[in-house]
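Numbering (mature numbering (1 follows the signal peptide of the UniProt record, and there is no 0)), first residue to last: -23 to -1, 1 to 158. Backbone N, C-alpha and C fix where the C-beta goes; we use that ideal spot for every residue, glycine too. Notes to accompany the following structure.
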Amino acid sequence: MVIQFKKSLLFSIVFLLGLTACGQIKEKESIVDVSNIEKHHKYYSNTDKTKLNLSDVEWKKILPEDLYLVSRKANTEASFTGKYWDYTGKGTYYCAACGNKLFRSDAKFASQCGWPSFFEQVDKSSIVFKDDNSYRMNRIEALCGRCSGHLGHLFDDGPEPTGKRYCMNSIALDFEPDQKK
């Protein structure tokens, strides 16, 4: 009984430390893996950079519920649960809501915060930022430059050469592996 309690307490502490490491102090709804759900819709493109301006009603119709909650309602998946938090494949990461190119895998690093972390975005327009003062914290929210969907947050504690840590929700990302030659 005591051992079970200690394991439970240890897990709780590790979980809370993970939330604190990425600036998230309150757990939002748990996000499930939607990799088997068809996410690609008529607005999804890995090449079109046209800014999307869809209504919330339209986004709700075309996105899987869990992706909608993160992308459009700024929810956060639980730490250490997303499919890309410790993924090491070589390729390109895209916005799961619209297909906008966001990161290359060579900009990804193991931050141990429980979410995928990158030190550099693909280009200056791929991600835009806004102040986020939710939960009595001052953070910088990272949004897709094409669809304005919530991706995660930007912190100043990343590795060189940028010193930045783009702390992203796995569910907000799609990954396309590099083609073998």
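Does DSSP classify residue i as helix, strand or coil?
i	result
ALA84	helix
VAL99	coil
ALA74	coil
ASP43	helix
SER94	strand
LYS50	coil
PRO138	coil
LYS37	helix
For residue i versus residue j, is the C-beta distance shorter than 8 angstroms?
i	j	result
PHE96	ARG142	yes
SER125	GLY59	no
SER32	GLY76	no
ARG123	LYS37	no
VAL99	LEU120	no
LEU150	TYR45	no
SER88	GLY68	no
GLY66	PHE152	yes
HIS127	GLU137	no
SER94	LYS85	yes
SER56	ALA74	no
HIS130	ASP109	yes
Identify the residues that DSSP records as bridge partners of residue i: which are they?
i	result
PRO154	GLY68
GLY129	ALA119, MET145
LYS107	GLU118
Buried or exposed for residue i, going by 16 or more other Cβ atoms inside 10 Å?
i	result
PRO154	exposed
ARG116	buried
HIS17	exposed
SER111	exposed
ASN52	buried
MET145	buried
GLU35	exposed
ASP133	exposed
GLU42	exposed
GLY140	exposed
Any heavy atom of the ligand MG inside 7 angstroms of the beta-carbon of residue i?
i	result
CYS72	Although the ligand MG was asked about, the structure shown includes no ligands whatsoever.
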